[in-house]
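To start, the structure under review is shown below, and the notes come after it.
Protein chains: 2
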Amino acid sequence: MATIQDVAREAGVSISTVSYALSGKRSIKPSTRDRVLDAAQRLGYLPHASARMLAANRSQIFAVTAPLHNDTDHSAHMVFAMEVTKAARTHGYDTLLLVDDDVSEGMRRSAASSLADGIVVLDVDAHDPRADLARSNNYPTVFIGIPADTTGLVCVDLDFEAAARLAIDTLVAAGRTRIGLVSHPLETMRRESNFPLRFRDGFASHAATLGIAAPIAYPVEHRSHEAVAQLLDAQPDLDGLVLNTSVDVASSVTAALAEHGRSVPQDVAVIAAGVTFSTERFAVPFDTIPLDARVSCSVAVDILARIVDDNVAAPETTLIPPTYITRGSVTPTGAAVTTGT
Amino acid sequence: MATIQDVAREAGVSISTVSYALSGKRSIKPSTRDRVLDAAQRLGYLPHASARMLAANRSQIFAVTAPLHNDTDHSAHMVFAMEVTKAARTHGYDTLLLVDDDVSEGMRRSAASSLADGIVVLDVDAHDPRADLARSNNYPTVFIGIPADTTGLVCVDLDFEAAARLAIDTLVAAGRTRIGLVSHPLETMRRESNFPLRFRDGFASHAATLGIAAPIAYPVEHRSHEAVAQLLDAQPDLDGLVLNTSVDVASSVTAALAEHGRSVPQDVAVIAAGVTFSTERFAVPFDTIPLDARVSCSVAVDILARIVDDNVAAPETTLIPPTYITRGSVTPTGAAVTTGT
DNA sequence: CGCGACTTTCGAAGCGCTTCGACGATGGCG
DNA sequence: CGCCATCGTCGAAGCGCTTCGAAAGTCGCG
Numbered sequence: 000m001a002t003i004q005d006v007a008r009e010a011g012v013s014i015s016t017v018s019y020a021l022s023g024k025r026s027i028k029p030s031t032r033d034r035v036l037d038a039a040q041r042l043g044y045l046p047h048a049s050a051r052m053l054a055a056n057r058s059q060i061f062a063v064t065a066p067l068h069n070d071t072d073h074s075a076h077m078v079f080a081m082e083v084t085k086a087a088r089t090h091g092y093d094t095l096l097l098v099d100d101d102v103s104e105g106m107r108r109s110a111a112s113s114l115a116d117g118i119v120v121l122d123v124d125a126h127d128p129r130a131d132l133a134r135s136n137n138y139p140t141v142f143i144g145i146p147a148d149t150t151g152l153v154c155v156d157l158d159f160e161a162a163a164r165l166a167i168d169t170l171v172a173a174g175r176t177r178i179g180l181v182s183h184p185l186e187t188m189r190r191e192s193n194f195p196l197r198f199r200d201g202f203a204s205h206a207a208t209l210g211i212a213a214p215i216a217y218p219v220e221h222r223s224h225e226a227v228a229q230l231l232d233a234q235p236d237l238d239g240l241v242l243n244t245s246v247d248v249a250s251s252v253t254a255a256l257a258e259h260g261r262s263v264p265q266d267v268a269v270i271a272a273g274v275t276f277s278t279e280r281f282a283v284p285f286d287t288i289p290l291d292a293r294v295s296c297s298v299a300v301d302i303l304a305r306i307v308d309d310n311v312a313a314p315e316t317t318l319i320p321p322t323y324i325t326r327g328s329v330t331p332t333g334a335a336v337t338t339g340t
Numbered sequence: 000m001a002t003i004q005d006v007a008r009e010a011g012v013s014i015s016t017v018s019y020a021l022s023g024k025r026s027i028k029p030s031t032r033d034r035v036l037d038a039a040q041r042l043g044y045l046p047h048a049s050a051r052m053l054a055a056n057r058s059q060i061f062a063v064t065a066p067l068h069n070d071t072d073h074s075a076h077m078v079f080a081m082e083v084t085k086a087a088r089t090h091g092y093d094t095l096l097l098v099d100d101d102v103s104e105g106m107r108r109s110a111a112s113s114l115a116d117g118i119v120v121l122d123v124d125a126h127d128p129r130a131d132l133a134r135s136n137n138y139p140t141v142f143i144g145i146p147a148d149t150t151g152l153v154c155v156d157l158d159f160e161a162a163a164r165l166a167i168d169t170l171v172a173a174g175r176t177r178i179g180l181v182s183h184p185l186e187t188m189r190r191e192s193n194f195p196l197r198f199r200d201g202f203a204s205h206a207a208t209l210g211i212a213a214p215i216a217y218p219v220e221h222r223s224h225e226a227v228a229q230l231l232d233a234q235p236d237l238d239g240l241v242l243n244t245s246v247d248v249a250s251s252v253t254a255a256l257a258e259h260g261r262s263v264p265q266d267v268a269v270i271a272a273g274v275t276f277s278t279e280r281f282a283v284p285f286d287t288i289p290l291d292a293r294v295s296c297s298v299a300v301d302i303l304a305r306i307v308d309d310n311v312a313a314p315e316t317t318l319i320p321p322t323y324i325t326r327g328s329v330t331p332t333g334a335a336v337t338t339g340t
């Protein structure tokens with residue numbers, strides 16, 4: 000590989016001139032600069048990454064940490080990792096994937112060895128050890144997800160409470176007031192994985208505010224059957240259903256409702272909210288309030304890049320307002336069936 | 000952050016002694032070594048990554064490159080990226096994610112700047128530009144997937160031809176000889192994404208060898224309905240079905256068959272082969288010949304680590320023999336139904 | 001008692017780059 | 001015509017580490 004030395008020789012200048020010509024940090028006579036650029040081009044020169052890192056004290060690398068719980072869907076997290084990576088590239092950063100079993104280990108390692116200039120934290124628990132770590136080591140860190148105590152942290156996430164409210168309000172506006180929620184497995188809730196809790200609590204409190212009884216079911220082993228039965232038990236005339244759950248559960252909800260003689264959307268209007276998957280390919284696609292990985296990740300990375308590049312203090316918590324995608328699974332009560340079969 | 004200087008001072012030795020004590024590349028008197036280790040521990044010393052990289056000419060980083068086609072399932076690839084990352088850690092490597100739109104760009108960049116010591120190539124097309132790149136730059140590279148021309152390349156993958164044969168043989172052994180294949184969308188096949196082709200060709204040729212007529216269907220927009228209808232059209236007394244397709248298609252196959260009055264496994268035995276997803280949560284789980292990301296990735300990373308660490312020449316192509324998981328979707332023809340409902 | 005062989009540690013060079021201070025050349029102005 | 005500011009370039013220091021060669025110390029054996 001060509002070094003800056005080679006370029007300097009080829010262009011007949013000193014290495015500092017090459018450096019400045021390429022970085023633009025000092026003005027270089029245009030004719031000289033062109034000669035340098037030419038030489039670099041000819042030699043296929045690219046600065047040696049480690050040398051540049053060492054001298055500039057910058058790696059141009061962001062790390063991404065994602066723990067590997069057994070009850071979570073890795074592929075969903077990996078989509079976030081990918082979106083972080085894409086966003087990072089637009090800022091000139093590469094992305095290092097940390098998937099250690101011990102969540103904090105990789106974070107500590109990457110910070111202590113200056114491997115990465117900053118870190119994006121995925122799949123945040125309410126009491127995530129990485130929150131304390133971030134507070135104690137003042138290493139540029141952005142959380143995608145919101146731990147219980149956010150003091151001193153920079154967090155980004157969909158506004159799940161608002162999403163829950165939006166789901167309820169939309170159903171209510173369609174005349175659907177007997178609403179149920181299919182949430183996540185209790186196993187997940189118990190780990191206090193943060194957003195299922197926030198969504199559920201937002202759901203419960205908004206329903207309470209509106210004076211609506213709103214039962215909540217926690218599916219077991221990603222099956223919707225019992226969860227739906229449970230909700231119908233609590234609310235026999237259920238006419239609205241909110242899904243903040245896994246793709247396996249959501250994809251089988253229509254069938255589960257059918258077993259009880261209810262159709263979507265005629266009998267029960269359905270909204271999937273705060274979910275990463277698409278319902279487009281479901282037999283009956285659902286209206287969706289998406290948890291859009293691209294949006295969350297690009298906001299998070301923008302913030303991280305600003306912290307690292309511009310050394311600015313960051314906003315504490317950024318909540319991303321929910322958006323609503325209509326797919327026809329919510330119709331006014333008693334509306335005529337317009338969708339052909 | 001503590002530097003090697005600090006550790007040297009703290010332990011009362013020179014920095015070279017610290018370096019050797021930590022790396023073990025020269026013998027150090029045990030008492031001295033302990034003092035050094037102690038000091039390092041106390042100071043929470045971790046070598047500065049870039050400095051180590053520069054001096055050792057090794058980054059201890061592997062890159063992973065995955066292109067982003069629109070018709071492929073990102074989350075499936077990301078699982079591979081994750082498995083590569085986990086495997087890499089066991090060899091002391093971290094993993095850099097390259098997801099550039101221009102597939103070759105990241106590869107070129109990471110090679111030219113010595114960012115990574117080697118690279119794992121995912122989602123390989125038959126005529127992948129990265130194959131030529133790898134041939135031309137002799138940068139340690141391992142492909143997970145098999146391009147058309149493998150000369151000079153190191154490739155690892157499931158033996159899809161063998162998987163296809165195993166699927167057919169298993170069905171035949173169960174007395175199922177009127178077999179169909181649901182493959183991938185034509186869009187994918189046209190891009191010559193390599194394994195769908197290899198599976199299909201292995202399927203077709205083995206069926207021909209056995210003298211079995213074996214229709215093949217290519218689903219459109221990830222729906223199984225038409226594909227199943229097509230197969231039943233070509234083979235009205237279909238009694239065996241092989242699925243080498245997407246999760247969306249596979250998960251709706253049972254329903255599609257039911258529409259035609261066929262039940263699984265009584266009327267039609269089903270095997271999912273060469274797939275990354277699990278059918279465990281399907282209404283009727285399918286026997287599976289898995290494409291196990293963990294296996295492929297750990298084999299690939301082992302090879303890459305040996306190339307980089309031990310500087311050994313690598314085997315050209317490693318085909319991983321298929322394994323078979325029984326889930327009850329294949330029963331002998333006319334067998335009594337034993338599975339309770 | 002002296003010499004060679006080994007053990008243990010140290011000093012210094014150098015990896016390829018960035019960046020600071022400085023130096024010569026150029027030009028405007030009094 | 002001479003002085004100072006400005007432009008363009010260069011040399012050298014240094015980032016934190018690895019690694020080579022060699023120095024100092026230790027031991028055994030003739």
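Read top to bottom, the protein sequences are chains G and X.
Just so we're aligned: the first sequence equals residues 0 to 340 in numbering that gives the first Met the number 0.
Just so we're aligned: the second sequence equals residues 0 to 340 in numbering that gives the first Met the number 0.
Glycine included, C-beta positions come from ideal geometry on N, C-alpha and C.
When you compare only the Cα positions, how much space is there between residue i and residue j?
i	j	result
H205(X)	A163(X)	8 angstroms
E220(X)	A304(X)	39 angstroms
M52(X)	M188(X)	42 angstroms
H90(X)	V307(X)	11 angstroms
V17(X)	H47(X)	14 angstroms
V35(X)	F61(X)	30 angstroms
R108(X)	A80(G)	20 angstroms
P331(G)	D286(G)	13 angstroms
H224(X)	T253(X)	10 angstroms
S74(G)	V12(G)	51 angstroms
D131(G)	R199(X)	52 angstroms
Excluding the five sequence neighbours on either side, which residues of its own chain have a C-beta within less than 6 angstroms of the C-beta of residue i, listed in chain order?
i	result
L242(X)	V181, A249 and A271
L318(X)	D158
G151(X)	R134
A216(X)	V181, A226, Q229 and L230
A20(X)	I27, R32 and V35
What's the call for residue i, buried or exposed, on a 16-neighbour Cβ count within 10 Å?
i	result
S251(G)	buried
H76(X)	buried
T278(G)	buried
E315(G)	exposed
E391(X)	In the structure displayed, chain X extends from 0 to 340; residue 391(X) sits before or after that span and is not available.
R177(X)	buried
A55(G)	exposed
S22(G)	exposed
K85(X)	buried
N193(X)	buried
M0(X)	exposed
T94(X)	buried
T208(X)	exposed
D124(X)	buried
L185(G)	exposed
A212(G)	exposed
S58(X)	buried
For residue i, go through chain X and note every residue whose CB falls closer than 7 angstroms to its CB, in chain order.
i	result
L36(G)	Result: empty, since nearest Cβ-Cβ is about 16 angstroms, beyond 7 angstroms.
V78(G)	H73, S74 and M77
R164(G)	By Cβ distance, chain X contributes nothing, its closest Cβ being about 29 angstroms from R164(G), past 7 angstroms.
K85(G)	V98
Whose Cβ in chain G lies nearer than 8 angstroms to the Cβ of residue i?
i	result
D247(X)	R280
If the cut is a Cβ gap below 7 angstroms, which residues of chain G does residue i touch?
i	result
P46(X)	S112
G43(X)	A111
Residue i versus chain G: which residues are under 9 angstroms apart at the beta carbon?
i	result
L290(X)	Those within 9 angstroms of L290(X) in chain G number zero; the least Cβ separation is about 14 angstroms.
M81(X)	A65, L67, H73, S74, H76, M77, A80, L96 and V98
Residues of chain X with a CB under 8 angstroms from the CB of residue i: which are they?
i	result
H221(G)	R280
Residues in the same chain with beta-carbon distance under 7 angstroms from residue i, minus the five sequence neighbours each way, listed in chain order, please.
i	result
G339(X)	Bear in mind that the predicted position of G339(X) carries a pLDDT of just 42, short of 50, making it too unreliable to give a figure here.
Whose Cβ in chain X lies nearer than 9 angstroms to the Cβ of residue i?
i	result
T94(G)	L95, L96, L97 and V98
Quick one: any contact between the stretch 135–148 of chain X and the stretch 168–177 of chain X, if contact means 3 or more CB pairs under 8 angstroms? no
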